[in-house]
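Student: Residue numbers (the numbering used here), protein chains in the order written: chain F, 214 to 512; chain E, 42 to 261. For glycine and all other residues, C-beta sits at the position ideal for the given N, C-alpha and C.
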């Protein structure tokens with residue numbers, strides 16, 4: 214299953230792109246409208262990009278009255294990303310949502326102040342407010358993301374979205390001042406892939422709930438790697454900015470990667486990163502350790 | 042909006058800028074002031090470039106090589122290939138009676154195409170140095186000034202329909218002087234098609250994305 218990462222696609226501005234996904238995830242909705250941070254809000258780096266959009270959104274009431282009805286007309290399953298500045302704010306928005314596929318709780322935006330409560334407390338409040346599937350989007354900056362994942366699972370989360378951006382800084386090459394008006398921003402793109410893989414790998418061992426993996430996916434192989442690490446769905450972020458038609462390409466690459474491995478379905482590879490190597494792979498490893506083989510490989 | 046792979050047909054220096062020519066191959070050039078996202082080799086994000094010149098065979102983009110992405114674009118040579126996404130945004134409206142094109146620096150980029158569409162109206166262009174002003178050769182009927190003289194000092198007394206693109210201080214000054222001017226703004230953006238909200242500006246209390254509602258906006 215292929216989704217967009219929240220904030221990386223506007224389905225109303227690009228309906229065909231949204232329809233090329235299995236579900237559309239909205240930009241994060243907060244109770245009150247937000248203009249977001251001052252420009253400059255985007256900066257490219259060598260291996261990724263920074264953003265400091267700051268949760269710009271029309272606010273809950275306008276979203277429910279104007280945006281959501283228009284999104285429903287697209288015929289794509291909808292995930293609504295919910296944000297807030299307290300557990301009560303998150304829960305109030307969750308209580309107002311119905312007839313959508315899932316709610317993703319943005320518990321990890323690096324560009325705004327955090328709610329005072331822990332991620333688990335926010336999930337607990339939202340669990341009491343809705344029966345819809347709740348996905349907790351966690352920050353890869355957590356020292357022990359598996360512990361955070363276990364905590365939100367215990368609090369009633371139905372799934373995990375891994376990962377949000379990491380805080381980063383980029384400087385103007387001439388002035389040596391920050392490129393972004395806010396100074397730091399959220400770092401995404403290719404550099405995030407190993408971070409995302411590590412988070413998915415750790416959390417899939419620590420919990421039983423499904424994981425949407427995201428972070429630096431550019432190819433079908435990237436998507437398959439996240440599935441191998443434990444994800445059961447994959448979301449596209451920065452690549453959508455560079456290429457709105459990436460979903461179709463990544464889908465066909467994923468099918469080719471799957472077929473080339475003799476698998477019936479990409480999800481057949483799910484968790485393969487956790488499995489003990491097969492005996493053939495073992496013997497390969499053993500051979501590499503013998504001096505004779507090492508000599509051969511350097512010859 | 043289409044994303045297509047096209048051949049570079051040429052690249053030439055125009056003062057400090059590079060005029061990058063790409064085979065049109067059926068791509069719609071759009072309206073003057075509209076733009077394309079150009080894949081910058083080796084970079085994560087494409088770069089927004091307004092169409093500078095358009096013929097049935099070729100699209101040309103004026104690139105100011107000031108950062109890694111624009112330098113990568115300026116380094117492209119005939120035979121290289123790149124992806125283009127576009128045309129994007131809203132361009133200049135051509136329903137004007139007495140057009141006057143006003144441009145500053147790299148902001149002159151959309152004016153050659155606009156001049157072509159409007160039948161070579163008068164133009165007023167400002168540059169930092171004579172070297173930068175070599176780009177004025179791309180715009181017919183242009184009066185050129187160099188710093189410390191600014192284009193706003195040379196605006197004619199009789200009313201004109203001003204269509205302008207240039208640095209923000211120039212556009213702000215024009216906005217104050219010519220309330221019905223059409224102004225093409227610039228902002229860093231990741232996507233060019235409304236996805237990233239990087240280029241959003243607040244206009245009249247509403248959040249507008251320059252890539253969707255602009256880049257050409259009414260002054261007032």
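Tell whether a beta-carbon distance below 9 Å holds between residue 318 of chain F and residue 352 of chain F.
Tutor: no
Student: Which same chain residues end up closer than 6 Å to residue 220 of chain F when comparing Cβ atoms and leaving out the 5 residues on each side of it in sequence?
Tutor: Taking residue 220 of chain F as the centre and dropping the five residues before and after it, the same chain places the C-beta of 240 closer than 6 Å to its C-beta, in chain order.
Student: Suppose only complete runs of 4+ residues qualify. What are the alpha helix (DSSP H) ranges in the segment 145-175 of chain E, listed by chain order?
Tutor: Restricting attention to alpha helix (DSSP H) runs no shorter than 4 residues, the segment 145-175 of chain E encloses them at 152-159, ordered along the chain.
Student: Using beta carbons (cut-off 9 Å, strictly below), is residue 470 of chain F in contact with chain E?
Tutor: Residue 470 of chain F does not count as touching chain E.
Student: Going along chain E in order, which residues have a C-beta closer than 7 Å to the C-beta of residue 262 of chain F?
Tutor: 85, 86 and 231
Student: Does the beta carbon of residue 416 of chain F sit closer than 9 Å to a beta carbon anywhere in chain E?
Tutor: no
Student: Taking the beta carbon of residue 107 of chain E as the centre, do at least 16 other beta carbons fall within 10 Å, making it buried, or is it exposed?
Tutor: Exposed, by the Cβ-count rule.
Student: Alpha carbon to alpha carbon, what distance is there between residue 285 of chain F and residue 201 of chain F?
Tutor: Because residue 201 of chain F is not part of the residues shown, which for chain F are 214 to 512, the question remains open.
Student: Evaluate residue 138 of chain E with the Cβ neighbour count: other Cβ atoms within 10 Å of its Cβ, from every protein chain shown; 16 or more gives buried, anything less gives exposed.
Tutor: exposed
Student: Would you decide whether residue 83 of chain E is buried or exposed? Buried here means 16 or more other CB atoms lie within 10 Å of its CB.
Tutor: By the neighbour-count rule (16 or more Cβ atoms within 10 Å), residue 83 of chain E is not buried but exposed.
Student: Note down, in chain order, every chain E residue with its Cβ under 7 Å from the Cβ of residue 454 of chain F.
Tutor: 86, 231, 232, 236 and 237
Student: Measure from the alpha carbon of residue 263 of chain F to the alpha carbon of each residue in F:301, F:230, F:461 and F:404, then state which is nearest.
Tutor: F:404
Student: Helix or strand or just coil, what does DSSP make of residue 52 of chain E?
Tutor: Under the three-state reduction of DSSP, residue 52 of chain E is assigned to strand.
Student: Counting only C-beta atoms, is residue 396 of chain F closer than 9 Å to chain E at any point?
Tutor: no
Student: Using a cut-off of 7 Å between C-beta atoms, extract the partners of residue 228 of chain E located in chain F.
Tutor: 252
Student: Runs of 4 residues minimum, wholly inside the segment 269-298 of chain F: which ones carry the alpha helix (DSSP H) assignment?
Tutor: 281-285
Student: Could you check where the alpha helix (DSSP H) with residue 406 of chain F kicks off and where it finishes?
Tutor: Residue 406 of chain F: member of the alpha helix (DSSP H) spanning 406-419, first to last residue.
Student: Taking CB distances under 9 Å as the criterion, tell me whether residue 458 of chain F reaches chain B.
Tutor: In the displayed structure, chain B is absent; the protein chains listed are F and E.
Student: Taking the straight line between their C-alpha atoms, what separation do you get for residue 250 of chain F and residue 271 of chain F?
Tutor: Residue 250 of chain F and residue 271 of chain F have their C-alpha atoms spaced approximately 14 Å apart.
Student: Applying the 10 Å Cβ sphere with the 16-neighbour rule, what's the burial state of residue 48 of chain E?
Tutor: exposed
Student: So, residue 236 of chain E versus residue 223 of chain F, is the Cβ gap smaller than 9 Å?
Tutor: yes
Student: Would you mind sorting residue 280 of chain F into buried or exposed? The rule is 16 or more other CB atoms within 10 Å of its CB.
Tutor: Looking at its Cβ environment, which holds 16 or more other Cβ atoms inside 10 Å, residue 280 of chain F is buried.
Student: Evaluate the contact criterion for the segment 186-195 of chain E versus the segment 121-140 of chain E: three or more CB pairs, one atom per stretch, below 8 Å.
Tutor: no
Student: Hey, out of F:350, F:340 and F:259, whose CA is closest to residue 381 of chain F's CA?
Tutor: F:259
Student: May I ask you to verify whether the segment 177-185 of chain E touches the segment 115-127 of chain E, counting CB pairs closer than 8 Å and requiring at least 3?
Tutor: no
Student: Would DSSP call residue 124 of chain E helix, strand or coil?
Tutor: strand
Student: Just grab the DSSP bridge partners of residue 264 of chain F for me.
Tutor: F:255 and F:399
Student: Could you name the residues of the same chain whose beta carbon sits closer than 6 Å to that of residue 110 of chain E, not counting the 5 residues immediately before and after it, in chain order?
Tutor: 81, 84 and 88
Student: At what residues does the alpha helix (DSSP H) containing residue 358 of chain F begin and finish?
Tutor: 358-367
Student: So within the segment 57-84 of chain E, which uninterrupted alpha helix (DSSP H) runs reach at least 4 residues, ignoring any that extend past its ends?
Tutor: none
Student: Given this structure, state the Cα-to-Cα distance separating residue 486 of chain F from residue 435 of chain F, to the nearest angstrom.
Tutor: 13 Å
Student: If you count every other CB in all the chains shown that lies within 10 Å of the CB of residue 388 of chain F, and 16 or more means buried, which is it?
Tutor: exposed
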